[in-house]
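For the sequence shown, the UniProt record's numbering assigns the number 1 to the initial residue and increments by one for each residue that follows. Using N, Cα and C, we set each Cβ at its ideal position, and we do this for glycine too. Quick caveat: nothing in here was measured; it's all calculated off a predicted structure. The structure under discussion appears below in the form of structure tokens.
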Amino acid sequence: MAKKSAAPTLGIGISEKDRGSIAAGLSKLLAETYTLYLTTHNFHWNVTGPMFNSLHAMFMAQYTELWNAVDPIAERIRSLGHAAPGSYAQFAKLSGLPDAPAAPPKAMKMVELLMLGHEAVARTARSLFPLVDKAGDEPSADLLTQRLTVHEQAAWMLRSLLEE
């Protein structure tokens, strides 16, 4: 029987230690993005009240964007030579975001919770910049910039709905 050869060394110009640290940070970002996706989708299904149509549509646009974001984050983790987390247990352990409330809240509480969620994910993305900058990891920096843009804009739009 032929001897199985070892996997080739990953030589992308980022140290193994830095790749591990960046992948760990991106794993948290992935977990929070997925958690926010799930909460947003839940609120899309369960929103009621006079703003139903506009919130239902806004939440759909937001959960669709979040859904489309998880794959690039996971694939960046894989590009760094690490396994991407992908279970509810892993996401619950990694994410700093609370789970969606068991009973659907009122519409404006949904808006507030999603605003806070987007702000939290933006903070997580921003916290990774010093590490990716030090490692010269431009693809991760680009991904983080894209995520920050989306989360800060979503938080602003949701916050605007809460103003009197």
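- With fewer than 16 other Cβ atoms from the protein chains shown falling within 10 Å of its own Cβ, Glu138 counts as exposed.
- Rounded to whole angstroms, the Cβ separation of Ala122 and Ala155 is 7 Å, and the two are in contact under 8 Å.
- With respect to the 9 Å criterion, Leu80 and Ser160 are not classified as neighbours on the basis of their beta carbons.
- Annotation for Ile77: the continuous alpha helix (DSSP H) segment containing it runs 52 to 79.
- By the criterion of a C-beta distance shorter than 7 Å, Glu65 is surrounded in its chain by Val150, once the five residues flanking it on both sides are discounted.
- About 12 Å separates the beta carbon of Glu112 from that of Leu55, a gap too long to meet the 8 Å contact definition.
- In this structure the segment 77 to 94 does not touch the segment 116 to 130; the number of beta carbon pairs closer than 8 Å is below three.
- For Leu144, the uninterrupted alpha helix (DSSP H) segment begins and ends at 138 to 162.
- DSSP places Val132 in the uninterrupted alpha helix (DSSP H) bounded by 129 to 135.
- With distances taken between CA atoms, Gln146 lies nearest to Ala125 out of Pro130, Asp133, Ala125, Met58.
- The Cβ-Cβ distance between Leu128 and Leu26 falls below 9 Å.
- Rounded to whole angstroms, the Cβ separation of Met60 and His82 is 32 Å, and the two are not in contact under 8 Å.
- Ala31 is positioned such that its CB atom lies closer than 9 Å to that of Gln90.
- Excluding residues up to 5 positions away in sequence, Leu55, His56, Phe59, Ala107, Met110 lie with their Cβ nearer than 7 Å to the Cβ of Val47 in the same chain.
- Apart from sequence neighbours up to five positions away, the residues of its chain that approach Ile14 with a beta-carbon distance below 8 Å are Ile22, Leu80, Ala135, Gly136, Asp137, ordered along the chain.
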